[in-house]
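Under this note's numbering, the sequence shown has 13 at position 15, and the numbering climbs by one with no breaks. We put the beta carbon where it would ideally sit given N, CA and C, even for glycine. What follows is a short report on a single structure.
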Amino acid sequence: MITCVVHYTIDPTQIEAFERFAREWMRLVAKHGGVHHGYFLPAEGASDRAEALFSFESLAAYERYRARFGADPEFVAADRIRDESGCVLRYERTFMRPLLPTDSR
């Protein structure tokens, strides 16, 4: 399994647009074989940080999903929310592998 962690710098005045953008990407990840672990948004105080985590069974599975960017109409429409609203100022992707707790029974 490979997990993609996306660190966003967002425009706090465009949080509703960011939430629309996030909901679309959660749907698209699930539709194309991934597991979305959610978006994590500012909860208190002024903040321009948000995070997202989603996993695919392998890097090859992620690359199949990624190949749709810029071509699949649903992916283009989801990105349009970001582009037209300006809700995302920048982002950075990191790939990680999970170390999960084991059952100690």
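In the DSSP assignment, find the unbroken beta strand (DSSP E) run with L87 in it and report its ends. Here residue 87 is taken as the residue at index 89 of the sequence shown, counted from 1. If you look at L87, you'll find it in the beta strand (DSSP E) that goes V86 to M94.
Check this for me: beta carbons of I79 and F38, under 8 Å apart or not? Locating residue 79 in the sequence shown gives position 81, where the first residue counts as 1. Locating residue 38 in the sequence shown gives position 40, where the first residue counts as 1. No. Outside cutoff.
Alpha carbon of F67 to alpha carbon of V27, nearest angstrom: As a first step, residue 67 must be located in the sequence shown, where it is residue number 69. As a first step, residue 27 must be located in the sequence shown, where it is residue number 29. Rounded to whole angstroms, F67 to V27 spans 12 Å at the Cα level.
Own chain residues within Cβ distance below 7 Å of H34, not counting five before or after: Working through the sequence shown from its first residue, we reach residue 34 at position 36. Excluding positions up to five away in sequence, the list reads M24, V27, A28 and F52.
Alpha carbon to alpha carbon, what distance is there between E82 and A59? Working through the sequence shown from its first residue, we reach residue 59 at position 61. Working through the sequence shown from its first residue, we reach residue 82 at position 84. A59 and E82 have their alpha carbons spaced roughly 29 Å apart.
Return the bridge partner residues of G43 from the DSSP annotation. By 1-based counting over the sequence shown, the position of residue 43 is 45. Residue pairing from DSSP leaves G43 without any beta-bridge partner.
At the level of alpha carbons, what is the spacing between P96 and V4? On the sequence shown, residue 96 is found 98 positions in, with the first residue counted as 1. On the sequence shown, residue 4 is found 6 positions in, with the first residue counted as 1. Distance between the alpha carbons of P96 and V4: 15 Å.
Expressed to the nearest angstrom, what Euclidean distance is found between the alpha-carbon atoms of T7 and D46? Against the sequence shown, residue 7 aligns to sequence position 9. Against the sequence shown, residue 46 aligns to sequence position 48. Roughly 5 Å between the two C-alpha positions.
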